[in-house]
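Q: Submitted below is the structure of interest, expressed as structure tokens.
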Amino acid sequence: MTRPAARGPVHGAGSGRRDGAGVSRREEAGASRRERAGFGRRALDWLGWVANPAAAGAAFTILCLGIVTWLPALAAVGFALNRWRTDGDARCFTGVFVGWRKYWRPLLPHSVLMTIAAVIAASNLSFLSGRSGPLVLTLFMIHVGLVAAAVTYHLALAVAAGRDPSGSAADWRRTAFRLAFTSVPRGTALLGAAVAAPVFSLVVPAGPLLLGTTVPVLAGLLVADHS
1 MTRPAARGPV HGAGSGRRDG AGVSRREEAG ASRRERAGFG RRALDWLGWV
51 ANPAAAGAAF TILCLGIVTW LPALAAVGFA LNRWRTDGDA RCFTGVFVGW
101 RKYWRPLLPH SVLMTIAAVI AASNLSFLSG RSGPLVLTLF MIHVGLVAAA
151 VTYHLALAVA AGRDPSGSAA DWRRTAFRLA FTSVPRGTAL LGAAVAAPVF
201 SLVVPAGPLL LGTTVPVLAG LLVADHS
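Number 227 marks the last residue of the sequence shown (the UniProt record's numbering); no jumps.
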């Protein structure tokens with residue numbers, strides 16, 4: 001009488017389940033790592049919107065030690081921030097000095113004249129603020145309006161120069177005039193950014209020094225993108 005052959009234990013189904021569970025765990029771990037990496041990249045991107053303008057602001061502060069050098073320095077900030085936005089070049093501190101070499105010759109005479117005009121306007125406002133009367137109030141408001149227009153225009157000039165570093169000073173001025181004065185929403189946005197940024201940056205240590213000028217330039221670049 002022939003005995004039936006002995007059968008070994010069946011491992012196929014159990015092994016398949018274990019392999020499937022292992023693959024599932026590996027997929028979950030991989031997805032978790034990708035999610036953490038994506039969150040890290042987003043956090044770095046958001047941090048860059050503070051760190052890069054702050055770095056540009058530090059370079060701007062150094063260049064402004066010459067006092068009359070503020071306008072070419074502001075245009076250089078526009079150059080560095082625009083290069084970061086369009087090309088991904090995050091070297092904003094050194095980028096400001098690179099931009100400075102492009103702008104100091106064409107914009108320094110304008111900067112000197114506007115520095116003198118700013119000193120005169122500040123002196124007039126100081127004098128008028130201690131007086132009273134309808135004529136004094138009218139003159140005071142005229143001065144305030146001129147200062148607001150000058151701030152808006154020169155912010156737009158820095159934006160125009162930063163976006164077109166190979167252009168001429170005349171081209172920058174024409175573009176700045178269109179950006180600042182041919183659209184009420186654009187002009188209001190530029191002036192609002194110039195006024196609000198130094199105030200809101202007070203919550204950051206040395207905020208007005210590092211972000212008070214660079215954030216308005218960055219806002220101006222964003223406004224110019226939609227003009």
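Quick reminder that beta carbons are idealized off the backbone N, C-alpha and C, glycines included.
Taking all protein chains shown into account, decide if T213 is buried (16 or more other Cβ within 10 angstroms of its Cβ) or exposed.
A: Buried, by the Cβ-count rule.
Q: Could you say if the segment 120 to 133 and the segment 92 to 101 meet the contact criterion of at least three C-beta pairs nearer than 8 Å?
A: Contact fails: fewer than three Cβ-Cβ distances are below 8 Å.
Q: S111 to S168, Cα distance in whole Å?
A: Straight-line Cα distance between these residues: approximately 16 Å.
Q: For W46, count neighbouring C-beta atoms within 10 Å of its own C-beta (all shown protein chains included) and say buried if the count is 16 or more, exposed if not.
A: Counting Cβ neighbours within 10 Å, W46 comes out exposed, since fewer than 16 surround it.
Q: Which class does D164 belong to by DSSP, given the choice of helix, strand or coil?
A: D164: coil per DSSP, three-state reduction.
Q: Find out if the Cβ-Cβ distance for the pair L125, V136 is shorter than 8 Å.
A: In this structure, V136 does not lie closer than 8 Å to L125 by Cβ.
Q: Using the Cβ count rule (16 or more neighbours within 10 Å means buried), how would you classify S227?
A: Burial call: exposed.
Q: Count the other CB atoms within 10 Å of the CB of M114; is the residue buried (16 or more) or exposed (fewer)?
A: The residue is buried, with at least 16 neighbouring Cβ atoms inside 10 Å.
Q: Can you list, in chain order, the residues of its chain with a C-beta nearer than 6 Å to that of F140? Leave out the 5 residues immediately preceding and following it.
A: Within the same chain, F140 has close Cβ partners L128.
Q: Note down the Cα distance separating T152 from A194, rounded to an integer number of angstroms.
A: Going by the C-alpha atoms only, they are around 8 Å apart.
Q: Please report the distance separating the alpha-carbon of V204 from that of A54.
A: Answer to the nearest angstrom: the Cα atoms are 10 Å apart.
Q: So for A206, helix, strand or coil by DSSP?
A: Coil, per DSSP.
Q: Residues in the same chain with beta-carbon distance under 6 Å from G99, minus the five sequence neighbours each way, listed in chain order, please.
A: If we look at G99 and ignore the five residues flanking it on each side, its Cβ neighbours are A76, F79, A80.
Q: Would you mind working out which of S183, A170, F60, T138 sits nearest L107, comparing C-alpha positions?
A: Minimum Cα distance to L107 is reached at A170.
Q: Give the straight-line distance between the Cα atoms of D164 and V215, rounded to the nearest whole angstrom.
A: Cα to Cα, the separation comes out at about 19 Å.
Q: Excluding the five sequence neighbours on either side, which residues of its own chain have a C-beta within less than 6 Å of the C-beta of P208, listed in chain order?
A: Result list for P208: P198, S201, in chain order.
Q: Taking its Cβ as the centre, do 16 or more other Cβ atoms sit within 10 Å of P109, making it buried, or is it exposed?
A: With fewer than 16 Cβ atoms within 10 Å of its Cβ, P109 is classed as exposed.
Q: Excluding five sequence neighbours on each side, which residues of the same chain lie with their C-beta closer than 7 Å to the C-beta of G187?
A: Closer than 7 Å at the Cβ level, and outside the excluded window around G187, lie T152, A180, F181.
Q: State yes or no: is the C-beta of N82 within less than 8 Å of the C-beta of L221?
A: Yes, the Cβ-Cβ distance between N82 and L221 is below 8 Å.
Q: What three-state label does DSSP hand I116 in the structure shown?
A: DSSP places I116 in helix when its eight states are reduced to three.
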